[in-house]
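So the structure is just underneath, and the comments pick up after that.
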Amino acid sequence: MNNKSAVSKPFIFILSGFCVLGIWYLAAEIISAPLVLPSPKETFSSLVNNIFLPSFWWHVGFTALRSISAFFISVIIGTVLGILCGVSPFFSNLIAFPLAMIRTTPVVSFILLAIFWFGSSIVPVFVAVLMSLPIMVSAVETGILHTDSKLLDCSKSYGFSKVKQIFYIYIPSCIPSFLTGSISAFGLSWKVVVAGEVICLPRRGVGTLLQTAKVHVETSQVFAITLVVILICFILETVFKASLKKLLNTGRYS
């Protein structure tokens, strides 16, 4: 049963991809307006042209660097704040309102405000950290609050210090929710960074390429660049998930 599931899942994934491609092709043929919806062939042609341009990969590299930097910053800050929220109800209530504001405020509002505060290269990173922060804080806090009380009582009976409780009880219990939050924050960082680049236009970045293509009404170029971003994000996120799964399977934190 498990072998059938393992075989069918990739097949279904590929099949769904062909279905999307077929719908795209039919829609492009029906609309027959490349400036509105380019065909897969036109998009693929633009994609091939981009792949062989070294400057294109410079733009992709800078976007990747910003996204990964934003991810690690949000993980570090979010973990610290999440731990404080988990161990202190007062601190949790204190930052509840600011986190709620961040969750409900549109991304574009933060981007436009940040343009007045930072340089164009920093804005996407700052906004991505800001939007990923509530996810990490909530994930870590949830892990701490769901720590088994029996284990805590047992550790007190054996005279565990607070430091030992953190390393041997709190951290292992936080790992599952922490990893779930990390995966969500990783995907969100890419989206927010690209959105920030589209608006603030740093010298190098995928968002800058998208805005340039949009200004020149190169719709196929917009589609091609977007496909590259989706593909890279998908590959990195898949590798990230597989690495985390392998880490958990080793039993290191169990």
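Letter by letter, the sequence shown follows residues 2 to 255 of my numbering.
The C-beta atom is built at its ideal place from N, Cα and C for all residues, glycine as well.
### Task
For residue 23, count neighbouring Cβ atoms within 10 angstroms of its own Cβ and tell me buried if that reaches 16, exposed if not.
One-based indexing of the sequence shown puts residue 23 at position 22. Exposed.
### Query
Is the region 154-172 close to the region 26-45, with three or more CB pairs under 8 angstroms?
no
### Query
Between the region 224-239 and the region 165-182, do three or more beta carbon pairs fall short of 8 angstroms?
At 8 angstroms Cβ cutoff, the stretches do not touch.
### Query
Quick one: what's got a C-beta closer than 7 angstroms to residue 216's C-beta in the same chain, skipping five residues either side?
The residue you call residue 216 lines up with position 215 of the sequence shown. Cβ neighbours of residue 216 beyond the five flanking positions: none.
### Pairwise C-alpha distance: residue 119 and residue 140
Position 139 of the sequence shown, counted from the start, is the residue given in the question as residue 140. Position 118 of the sequence shown, counted from the start, is the residue given in the question as residue 119. Between residue 140 and residue 119, the C-alpha separation is close to 29 angstroms.
### Query
For residue 227, which residues from the same chain have a beta carbon less than 8 angstroms from its beta carbon, with the 5 sequence-adjacent residues on both sides left out?
Within the sequence shown, numbered from 1, the residue matching residue 227 stands at position 226. Excluding positions up to five away in sequence, the list reads 211.
### Task
Name the residue from 111, 239, 169 whose alpha carbon lies nearest to the alpha carbon of residue 201.
Start at 1 with the first residue of the sequence shown, and residue 201 comes out as number 200. The shortest C-alpha separation from residue 201 is found at 111.
### Task
Identify every run of the alpha helix (DSSP H) within the region 23-74, keeping only runs that are complete inside it and at least 4 residues long; order them along the chain.
41-52
### Query
Of all the alpha helix (DSSP H) runs that stay within the bounds of the region 118-190, which reach a length of 4 or more residues?
124-146, 150-158, 163-166
### Message
Here's a check: name, in chain order, each residue in its chain whose Cβ is nearer than 6 angstroms to the Cβ of residue 133, leaving out the five neighbours to either side.
### Response
Here residue 133 refers to the residue found at position 132 of the sequence shown. Answer for residue 133: 75, 186, 189, 190, listed in chain order.
### Message
Can you find the residues in the same chain that come closer than 7 angstroms, C-beta to C-beta, to residue 87, ignoring five residues on each side of it along the sequence?
### Response
Counted from its first residue, the sequence shown places residue 87 at position 86. Counting only residues of its own chain and dropping the five nearest sequence neighbours on each side, residue 87 has a CB closer than 7 angstroms to the CB of 141, 142, 145, 146.
### Message
Going by beta-carbon coordinates alone, are residue 184 and residue 241 separated by less than 8 angstroms?
### Response
Residue mapping note: residue 184 aligns to position 183 of the sequence shown, counting from 1. Residue mapping note: residue 241 aligns to position 240 of the sequence shown, counting from 1. Yes; because the gap between Cβ atoms is below 8 angstroms, this pair is in contact.
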